[in-house]
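Everything in the sequence shown is counted per the UniProt record's numbering, starting at 1 for the first residue and increasing by one. Working notes, structure below.
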Amino acid sequence: MGAYAEAYRRSLADPEGFWREAAEIIDWTAEPSRALDAGAAPFYRWFPGGELNTCANALDRHVAGGAGERTALIWDSAMVDPSRTPARRSFTYRELRDEVARVAGALAALGVGKGDRVVVYMPMVPEAVMTMLACARIGAVHSVVFGGFAAKELAARIEDARPTLVVAASCGLEPARVVEYQPILERALELSAHRPEHTLMLQRDACPADLTLPGYLDWDEVVPAAEPADPVPVASDDPLYILYTSGTTGKPKGVLRTAGGHAVALAWSMGAVYDVHAGDVFWTVSDVGWVVGHSYIVYGPLLVGATTVVYEGKPVGTPDAGAFWRIVQEHRVKTIFTAPTAIRAIKKADPEAAELGKYDTTTLAALYLAGERLDPETYHWASRVLGVPVTDHWWQTETGWPIAANPRGLEALPVKPGSATVPVPGWDVRVLDESGAPVPAGREGEIAIRLPLPPGALATLWGDDDRFVESYLSRHEGHYHTGDSGHLDADGHLFVMGRIDDVINVAGHRLSTGAIEAALATHPAVAECAVIGVPDPLKGQVPYGLIVLKAGAEAAGDDAAKLRAELVEAVRRDVGAVAAFREASIVPALPKTRSGKILRRTMRGIAGGRDEPVPPTIEDASVLEALTPILRNRL
């Protein structure tokens, strides 16, 4: 039995022993009495009786262990004006600890204590990371909201979390604009029934805020004058953070993560999944407003003593498609973790990877992708041009760390393009039919996880245990409902094909839009694509493709007709005639969330004739606006 198979077997057969051993990588101020308390199922408690401080584990213990001069955090901005603001900043573990201790002292002086909430509304700046760690240092609960998020959505989060304090920055920087945060924040505070007394504001040169308005305090005045705060021990099952995800009722769901399980799971995953250890440089290309940023920009790398890179910029256009490779060279990055959409954007702009050849990327050992299904064509392209292992892995805001991956730190397993490889130890993954019965290998069904969820997964929803049970635990008894469809093959490899509501029913045949997208992506002219189900009077639903072409590809007149015919043939070849794929539109771009997910549900609604609101998570509303007449005209 290989190292992975043995670890997976033990994690399910003996979770007590497996996770007690994993917990030894964390410094506890009081040792837990055991690993798992299942007495209040389905509200499982990990490491009951234990006490710790997550910030101390991420910073102080490395300094105490002699690694204080190792680089902890590198900030790299492609957005600031370097004549006014340094575009690179780095902090050793000692420097970061000292900065965070002072921020924590400032929060405490403003009335923030153990269990109090702090809403963080900031772009990708080091101070955002410091604020998160500072909250953890004094036992407060942070709730990070993506910088620039719409006022209505920000208000809903402030009203639900009822923070003692808001910490914000004056603006965020986009390639073609400056996003002023203060007007959005002021409108949110007007809409919210709860308004904290103070907002601690970090001024940015590009657009300073008006600090004469009531309640505003200047970061550069308050923080340097504060007394450093020592770490405050908290119980293992005390809350660490709340992270809101969209809810189907319109009210956001506050995913609640607890301290002990989170620290153990993330520290364990850094070595076992990513093969990243103390001194390695780990770059997660995301935002601290998303779960990926929480887990693998801030906490995971620092818990194991690695160096984390915080990037303010885009994969292309800041300034070109070589931005990623410049950072690998300059900061000697070992591992990149990003979304497939970022790699597709680079592939579209630079299909021959000419920009890559300008940089020395020999330190790069692996590329990990998550957030959107990795189509086989993008997998093959990245593997070919980078010459390093490319790993698709799958997880969710709710789970906090990977459910399925190629666990290279345990054992590098064979790769199957289109698969997230295998369930990670701790995750008892099942594929079920609508009645809850297991389906045979190779047959698509609903992906569920048998309870208990491992440490690090959500404990509940903030202030709403009933909604937690209803949303995640009620569909199949004894299982967590992921909302995704897919299958396990005969070798135990997991293929995640998309959300359950992305399965379309063509004349009684259930087909995954992900499978059709994979077929379309094999065409050499296709940079990326999305498939949605649209109404059909004869078949009920038929698939409709939206195609973005690679740079230099043409699709006009006879060329467009030829391309469509080739796309139809690709789907017929890989999926079958039963897919009834005949419609496709060439579009300049696909509408996406800021985390890289394509807005299939929104497009499906528009194509079905419904008026769909612009989602608050959208990256660029103009893309959806341009697509709307195309989607409407196919009716």
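For every residue, glycine included, the Cβ atom is placed at its ideal position computed from N, Cα and C.
For the pair ALA226 and PRO376, the CB atoms are not nearer than the 7 angstroms cut-off. By the neighbour-count criterion, in which 16 or more other beta carbons inside 10 Å mark a residue as buried, ALA188 falls on the buried side. For MET124, the secondary structure class from DSSP, reduced to helix, strand or coil, is coil.
VAL144 is positioned such that its CB atom lies no closer than 7 angstroms to that of VAL167. In the three-state DSSP reduction, PRO452 falls in the coil class, being neither helix nor strand.
For LYS597, the number of other beta carbons within 10 angstroms of its own is at least 16, and it is reported as buried. For TYR379, no beta strand (DSSP E) segment is defined; the enclosing uninterrupted segment is the alpha helix (DSSP H) at 376-386. Between PHE18 and TRP395, the alpha-carbon positions lie close to 21 angstroms from each other. Between the alpha carbons of GLU95 and TYR544 lies a gap of roughly 53 angstroms. In this structure, ALA30 keeps its C-beta atom at 7 angstroms or more from the C-beta atom of GLU6.
The alpha carbon of PRO123 has as its nearest neighbour, out of ILE504, CYS171, ASP428 and ARG600, the alpha carbon of CYS171. When secondary structure is reduced to three states using DSSP, TRP75 falls in the strand class. Within the same chain, and ignoring the five residues on either side of ARG45 in sequence, the residues whose Cβ sits closer than 6 angstroms to its Cβ are ASP37 and ASP237.
For the pair ARG137 and ASN53, the Cα-to-Cα distance works out to about 7 angstroms. Here VAL276 is not near GLU398, since their CB atoms are 7 angstroms or more apart.
Contact between ALA35 and ALA23 holds, with the beta-carbon distance rounding to 7 angstroms and staying under 8 angstroms. Ranked by Cα distance from MET497, the options ASP392, LYS539 and TYR472 are led by ASP392. Distances from the CA of CYS207 to each of CYS55, VAL222, ARG604 and GLN182 were compared; the closest alpha carbon is that of GLN182. DSSP places HIS62 in the helix class (H, G or I) of the three-state scheme. Counting along the chain, GLN541 sits inside the beta strand (DSSP E) bounded by residues 540-549.
For HIS262, the secondary structure class from DSSP, reduced to helix, strand or coil, is helix.
Setting aside the 5 residues that flank it on each side, ALA193 is surrounded in the same chain by GLU159, each with a C-beta closer than 6 angstroms to its C-beta; the list follows chain order. A straight-line Cα-Cα distance of about 6 angstroms links SER33 and PRO48. The shortest C-alpha to C-alpha distance from TYR472 to any of PRO616, ALA448, PRO454 and LEU494 is the one to ALA448.
The DSSP assignment places complete alpha helix (DSSP H) segments of no fewer than 4 residues inside the segment 72-121 at 93-109, in order along the chain. If only uninterrupted beta strand (DSSP E) runs of at least 3 residues are considered, those enclosed by the segment 299-325 are 307-312. By the neighbour-count criterion, in which a residue is buried when 16 or more other Cβ atoms sit within 10 angstroms of its Cβ, VAL63 is buried. For ARG604, the uninterrupted alpha helix (DSSP H) segment begins and ends at 600-607. Closest in alpha carbon position to VAL112, among THR85, ALA134 and GLU372, is ALA134. Of all alpha-carbon atoms in GLY279, VAL292 and GLY313, the one lying nearest the alpha-carbon of VAL333 is that of GLY279. The beta-bridge partner set that DSSP reports for LYS592 consists of ILE598.
For PRO629, the uninterrupted alpha helix (DSSP H) run begins and ends at 621-633, by DSSP. When beta bridges are read from the DSSP output, ALA169 appears opposite LEU202. Within the same chain, LEU266 come within 6 angstroms of TYR299 by CB-CB distance, once the 5 residues on both sides are set aside. In this structure THR362 is exposed. Its beta-carbon is surrounded by fewer than 16 other beta-carbon atoms within 10 angstroms. Following the DSSP letters along the chain, one finds LEU243 inside the beta strand (DSSP E) bounded by residues 239-245.
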